[in-house]
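Notes for the one structure printed next.
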C-alpha cells in the first residue's frame with residue numbers, strides 16, 4: 127500500500143526533527159491527526175519491509191542448489 131501525499135509530507139518534516147505539534151501548525155492539522163498519520167505511514171513502511179524480506183527469502187530459496 128502506498129503512502130498518501132500527506133503521510134509523505136509528515137514523514138519528511140519529521141525526518142527534519144520537527145515535532146508533531148509544529149508539523150500540525152505548519153500543515154493546519156490537529157496534532158492528533160499528525161501523530162495518527164505518522165504512525166499509519168510507519169506501519170505501511172514496516173509491512174512493505176516485511177513483504178520485501180519475505181519475497182527475498184523465497185527468491186534465495188528458489189535459487190539454492
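Residue numbers (the working numbering): 127 to 191.
Think of the CB as a built atom: it goes at the ideal place given N, C-alpha and C, for glycine as much as any other residue.
The closest CA to that of residue 165, considering only 142, 186, 179 and 146, is found on 146. Separation of residue 186 and residue 176 (C-alpha to C-alpha, rounded to the nearest whole angstrom) is 15 Å. Under the criterion of beta carbons closer than 8 Å, residue 152 and residue 168 do not qualify as touching, at roughly 19 Å. Judged by beta-carbon spacing, residue 154 lies beyond the 7 Å limit of residue 127, meaning their Cβ atoms are not closer than that value. If you draw a straight line from the Cα of residue 132 to the Cα of residue 143, it is about 17 Å long. The DSSP-derived three-state label of residue 142 is coil.
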